[in-house]
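Novice: Protein chains in written order, with my numbering: chain U, 19 to 131; chain P, 6 to 120.
Please read through the structure below; I'll follow up with questions.
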């Protein structure tokens, strides 16, 4: 079974731009969650989608948004990029949700200049 | 407010010895705890979990201990192997209206196992 895939793997943007990251979950998984990893902050939960609905949300500003499609693929969008948004963005999929084993993708490394 | 803390950013042990990674939490609503391992350039992979109704869970060389009164959990790896060298994250979950209101991770501990 194919794992979680994320595209692109690397991205360079400038302040003020917006960016869209994509995540394809493991086949059959309906839950997709997104995380931001920065040095010293560990992994911070952004949000979780299940069956096209945002079910849980972390403490991030409204510039961070997402959506999930009927095939469970998910996108995350960050608008008006700031330097502090430079991070590794990880998505994870699972069968049932956040209390189920999360299977992580390799991440997208976003650099904001 | 860091609700899950891993106070040791790094740990170095000799091959064959025990590795003990620690994690503290502040939210008494957390009732499910997990450990993930992360190699460079890869996403985290699930290692082991424990529910708050237990105080110990074992899986091969990995054992997680939970002390609810101290709000502390630890991961023991015995014996440690060089391939265990990775960043280890602990995570905690509280049961919300849906299957988990969020998953809160610690900052991670870099474990290095020296041959």
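Note that the Cβ used here is the ideal one computed from N, Cα and C, for glycine as well.
These numbers were taken from a predicted model, which means no experiment stands behind them.
Once DSSP output is grouped into helix, strand and coil, what is the label at residue 103 of chain U?
Specialist: What you label residue 103 of chain U is simply residue 85 of the first chain in a count that begins at 1. Three-state DSSP puts residue 103 of chain U in a helix.
Novice: Among P:72, P:113, P:84 and P:22, which one has its Cα closest to the Cα of residue 7 of chain P?
Specialist: Here the question's residue 7 of chain P lines up with position 2 in the second chain. Residue 7 of chain P has its Cα closest to that of P:113, out of P:72, P:113, P:84 and P:22.
Novice: Can you pull the DSSP bridge partners for residue 111 of chain U?
Specialist: Counted from its first residue, the first chain places residue 111 of chain U at position 93. Looking at the DSSP assignment, residue 111 of chain U forms a beta bridge with U:50 and U:121.
Novice: Using only the alpha-carbon positions, how far apart do residue 117 of chain U and residue 62 of chain U sit?
Specialist: For the purposes of this step, residue 117 of chain U is taken as residue 99 along the first chain, with counting starting at 1. For the purposes of this step, residue 62 of chain U is taken as residue 44 along the first chain, with counting starting at 1. So the two alpha carbons sit approximately 16 Å from each other.
Novice: Using only the alpha-carbon positions, how far apart do residue 24 of chain U and residue 42 of chain U sit?
Specialist: Position 6 of the first chain holds residue 24 of chain U. Position 24 of the first chain holds residue 42 of chain U. Straight-line Cα distance between these residues: approximately 6 Å.
Novice: Any chance the region 20–34 of chain P sits against the region 75–82 of chain P, with 3 or more Cβ pairs inside 8 Å?
Specialist: Contact between the region 20–34 of chain P and the region 75–82 of chain P is present, because at least three Cβ pairs lie under 8 Å.
Novice: List the residues of chain U whose Cβ lies closer than 7 Å to the Cβ of residue 113 of chain P, in chain order.
Specialist: Within the second chain, the letter at position 108 stands for residue 113 of chain P. Chain U residues near residue 113 of chain P: 60.
Novice: Name the chain U residues that come within less than 9 Å of residue 98 of chain P, Cβ to Cβ?
Specialist: One-based indexing of the second chain puts residue 98 of chain P at position 93. Chain U residues near residue 98 of chain P: 116 and 117.
Novice: What is the DSSP secondary structure of residue 88 of chain P, reduced to helix, strand or coil?
Specialist: The sequence position of residue 88 of chain P within the second chain is 83, counting from 1. Residue 88 of chain P falls in the helix class under three-state DSSP.
Novice: With a CB to CB cut of under 8 Å and the five nearest residues on each side skipped, what residues in its chain are close to residue 20 of chain P?
Specialist: As a position in the second chain, residue 20 of chain P is number 15, starting the count at 1. 84, 85, 86, 87, 118, 119 and 120.
Novice: Near residue 88 of chain U, which residues of its chain fall below 7 Å by C-beta distance, leaving aside the five closest residues on each side in sequence?
Specialist: The sequence position of residue 88 of chain U within the first chain is 70, counting from 1. Hits under 7 Å: 70.
Novice: When you compare the CB of residue 80 of chain P with every CB in chain U, is at least one pair closer than 8 Å?
Specialist: Within the second chain, the letter at position 75 stands for residue 80 of chain P. False, the Cβ-Cβ gap to chain U never drops below 8 Å.
Novice: State buried or exposed for residue 60 of chain P, treating a residue as buried only when at least 16 other CB atoms are found within 10 Å of its CB.
Specialist: The residue you call residue 60 of chain P lines up with position 55 of the second chain. Its Cβ having fewer than 16 others within 10 Å, residue 60 of chain P is exposed.
Novice: Please report how far the alpha carbon of residue 58 of chain U lies from the alpha carbon of residue 20 of chain U, in whole angstroms.
Specialist: Mapped onto the first chain, residue 58 of chain U falls at position 40. Mapped onto the first chain, residue 20 of chain U falls at position 2. Looking at the two C-alpha atoms, the distance is approximately 31 Å.
Novice: In whole angstroms, give me the CA-to-CA distance for residue 104 of chain P and residue 98 of chain U.
Specialist: Residue mapping note: residue 104 of chain P aligns to position 99 of the second chain, counting from 1. Residue mapping note: residue 98 of chain U aligns to position 80 of the first chain, counting from 1. Confidence at residue 104 of chain P is low in this model, with a pLDDT of 47, below 50, so the placement of that residue should be treated as unreliable; the coordinate-derived value is given next. If I take the Cα positions, the gap works out to 32 Å.
Novice: Residue 9 of chain P by DSSP, collapsed to three states: which one?
Specialist: Taking the second chain and counting its residues from 1, one reaches residue 9 of chain P at position 4. It is a strand residue.
Novice: Whose C-beta lies closer than 8 Å to the C-beta of residue 3 of chain P among residues of the same chain, with five residues either side of it excluded?
Specialist: Outside the modelled stretch of chain P, which goes from 6 to 120, sits residue 3 of chain P, for which no answer is possible.
Novice: In three-state DSSP terms, what is residue 91 of chain U?
Specialist: In the first chain, residue 91 of chain U corresponds to position 73, counting from 1. Residue 91 of chain U: coil per DSSP, three-state reduction.
Novice: Counting only C-beta atoms, is residue 16 of chain P closer than 8 Å to chain U at any point?
Specialist: Position 11 of the second chain, counted from the start, is the residue given in the question as residue 16 of chain P. Not one chain U Cβ lies under 8 Å of residue 16 of chain P.
Novice: Using the C-alpha atoms, what's the distance from residue 13 of chain P back to residue 108 of chain P?
Specialist: Sequence index remark: in the second chain, residue 108 of chain P carries index 103 (1-based). Sequence index remark: in the second chain, residue 13 of chain P carries index 8 (1-based). Each residue's alpha carbon lies about 21 Å from the other.
Novice: For residue 84 of chain U, which of helix, strand or coil comes out of DSSP?
Specialist: Taking the first chain and counting its residues from 1, one reaches residue 84 of chain U at position 66. In this structure, residue 84 of chain U counts as strand in the three-state DSSP scheme.
Novice: Near residue 71 of chain P, what residues of its chain come up, given a Cβ to Cβ distance below 6 Å and the 5 sequence neighbours on each side ignored?
Specialist: For this step, residue 71 of chain P is matched to residue 66 along the second chain. Result list for residue 71 of chain P: 55, 60 and 78, in chain order.
Novice: I believe residue 9 of chain P touches residue 111 of chain P by the beta-carbon criterion, under 8 Å. Please report the beta-carbon distance rounded to the nearest angstrom.
Specialist: To locate residue 9 of chain P, count along the second chain from 1; it is residue 4. To locate residue 111 of chain P, count along the second chain from 1; it is residue 106. Confirmed, about 4 Å.
Novice: Roughly how many angstroms separate the alpha carbons of residue 80 of chain U and residue 22 of chain P, rounded to a whole number?
Specialist: Mapped onto the first chain, residue 80 of chain U falls at position 62. Mapped onto the second chain, residue 22 of chain P falls at position 17. Their Cα atoms are separated by approximately 47 Å.
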